[in-house]
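Below: the structure, in structure tokens.
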Amino acid sequence: MPPVILTKNLTKNFGELRAVDSVTLSVEKGSLFGLLGPNGSGKTTMIRMLTGQMKESSGSAEVLGIDPAKEPVKVRAAVGIIPEQETPPSFLTAEEYLSFAGKIRKIGDIEEKAEWWFDYLDFADKKDVLCKDLSRGTRQKLMFAQAFLHNPDLALIDEPLINLDPVMQRKVKGFLKDYTDSGRTIFLSTHILEIAGEICTDFAILHKGKLLHTGKVTELKEKDIHLDDFFMELVEKEIIDEIIEGKERGEEGIVEREKNA
Ligand SMILES: Nc1ncnc2c1ncn2[C@@H]1O[C@H](COP(=O)(O)OP(=O)(O)OP(=O)(O)O)[C@@H](O)[C@H]1O
1 MPPVILTKNL
11 TKNFGELRAV
21 DSVTLSVEKG
31 SLFGLLGPNG
41 SGKTTMIRML
51 TGQMKESSGS
61 AEVLGIDPAK
71 EPVKVRAAVG
81 IIPEQETPPS
91 FLTAEEYLSF
101 AGKIRKIGDI
111 EEKAEWWFDY
121 LDFADKKDVL
131 CKDLSRGTRQ
141 KLMFAQAFLH
151 NPDLALIDEP
161 LINLDPVMQR
171 KVKGFLKDYT
181 DSGRTIFLST
191 HILEIAGEIC
201 TDFAILHKGK
211 LLHTGKVTEL
221 KEKDIHLDDF
231 FMELVEKEII
241 DEIIEGKERG
251 EEGIVEREKN
261 A
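Number 261 marks the last residue of the sequence shown (full-length UniProt numbering); no jumps.
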């Protein structure tokens, strides 16, 4: 079976900065894939490229067999997306927003589906409130609901749990696990390593745009290694290597300068 997501040497430059650096990875159908990495490591940029919101500088990507750079509308119609820290339009109520999302996605029974989400995520009392007046957590619930309204085969979700309380986090974690158990795929970017270790089947670690590791969570569990310890060790090693490399470069620079003096 072909992978749901496949990237080959996917790269994104912003001027001098290489935000994503030649990333090659594959995500299998039915996996709950965690994209992990420190601040600024390129997770959001990856998701933006995979959902056709941003074109790569080089390399390629395929999402559900579609090239997101060539057919961004097709890819966005097929997948569910929760963009990072995005909020729903301020001038619509929660209910209007889901109805709007349902119309774009041509969902026939949108009222029924929206009702289900309001009940499931426990915010039916907020459906007539303008999005601008919703709490951050409730806005996040709304963004979560819009991503899954059309039961997509793949959802790419950027930090979907960060503003939710522990009860709601547990519910959403359960939802994501059940979703992938039924054969659909989740590509989740998160800082919360505990959650990733708990629910993800597969993971990748990015650091400064580079893919440091990709593998299965069970492989770590079999070796009795916690994902957060594995992550810390790998990222810390990378940082130490960079310091050593930087020092060596600096020293060489001094030697060169001395030679030229
Ligand atoms: N549109 C842009 N223009 C210029 N630089 C950008 C742009 N978008 C992202 N970057 C830079 O690219 C790098 C990667 O950013 P990105 O948002 O992908 O990281 P991230 O892993 O999602 O970070 P965080 O965990 O903090 O959300 C950062 O250095 C960021 O400043």
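Heads up, the beta-carbon is just placed ideally off N, CA and C, and yes, glycines get one too.
Would you give the residue range spanned by the alpha helix (DSSP H) that residue i belongs to?
i           : result
PHE91       : Looking at the DSSP string, PHE91 is not in any alpha helix (DSSP H), and its letter there is neither H nor E.
LEU176      : 166 to 181
VAL73       : 72 to 78
residue 262 : Nothing in the structure corresponds to residue 262, since the chain is present only between 1 and 261.
THR201      : No alpha helix (DSSP H) contains THR201, which DSSP labels as neither H nor E.
LYS136      : The sequence given here places Arg at residue 136; Lys does not occur at that position. Segment 136 to 148, the alpha helix (DSSP H) holding ARG136.
Suppose the cutoff is 7 Å on Cβ atoms and the five residues either side in sequence are ignored; what does the same chain contact list for residue i look like?
i      : result
PHE148 : GLY80, ALA155
ILE129 : The sequence shown places Val at residue 129, not Ile. So the list reads THR93, ALA94, once near-sequence residues are dropped.
PHE100 : LEU92
From what residue to what residue does the beta strand (DSSP E) around residue i run?
i      : result
THR214 : 210 to 216
ASP119 : Careful: ASP119 lies outside any beta strand (DSSP E), inside the alpha helix (DSSP H) at 110 to 120.
ILE157 : 154 to 158
PHE187 : 185 to 190
GLY15  : Looking at the DSSP string, GLY15 is not in any beta strand (DSSP E), and its letter there is neither H nor E.
PHE123 : PHE123 -> no beta strand (DSSP E), and no H or E assigned at all.
GLU62  : 58 to 63
GLY34  : 32 to 36
Considering Cα atoms alone, identify which of the options is closest to residue i.
i      : options                       : result
THR214 : ASN13, LEU17, GLU28, ASN151   : GLU28
GLU159 : GLY137, ASN151, VAL167        : GLY137
CYS227 : GLU115, PHE14, SER22, PHE203  : Reading off the sequence shown, one finds Leu at residue 227, where the question assumed Cys. Here the closest residue by C-alpha is PHE203.
ARG170 : LEU35, PHE230, LEU121         : LEU121
LEU220 : LEU211, LEU206, ALA196, VAL75 : ALA196
GLY174 : HIS207, LEU32, PRO72, ALA61   : LEU32
MET49  : GLU222, PRO83, GLY30          : PRO83
LYS8   : ASP224, VAL75, GLU56, SER60   : SER60
ALA78  : LEU64, ALA69, GLU86, LYS70    : LEU64
MET54  : LYS106, PRO68, ASP241         : PRO68
On the premise that residue j lies in contact with residue i, defined as a C-beta separation below 8 Å, what is that separation, rounded to the nearest angstrom?
i      : j      : result
THR180 : ASP153 : In fact, because the Cβ distance is near 11 Å, the residues do not count as touching under 8 Å.
PRO38  : VAL235 : 6 Å
LEU134 : LYS126 : 6 Å
Looking at the C-beta of residue i, does it have a partner C-beta in chain B at a distance below 7 Å?
i      : result
ILE239 : The displayed structure is made up of one protein chain only, and chain B is not part of it.
Just to confirm, does residue i get its C-beta within under 6 Å of one of the non-hydrogen atoms of ligand 2?
i     : result
LYS43 : With respect to ligand 2, the structure shown offers nothing to examine, as its ligands consist of ligand 1.
Within a Cβ cutoff of 6 Å, which residues of the same chain sit near residue i, ignoring the five residues on either side of it in sequence?
i      : result
LYS177 : ILE199
SER26  : PRO3, LEU6
SER22  : ASN9, THR11
In its own chain, which residues sit with a C-beta less than 8 Å from the C-beta of residue i, not counting the 5 before and 5 after it?
i     : result
LEU35 : LYS43, MET46, ILE47, PHE187, LEU188, SER189, THR190, PHE203, ALA204, LEU206
MET1  : GLU28, LYS29
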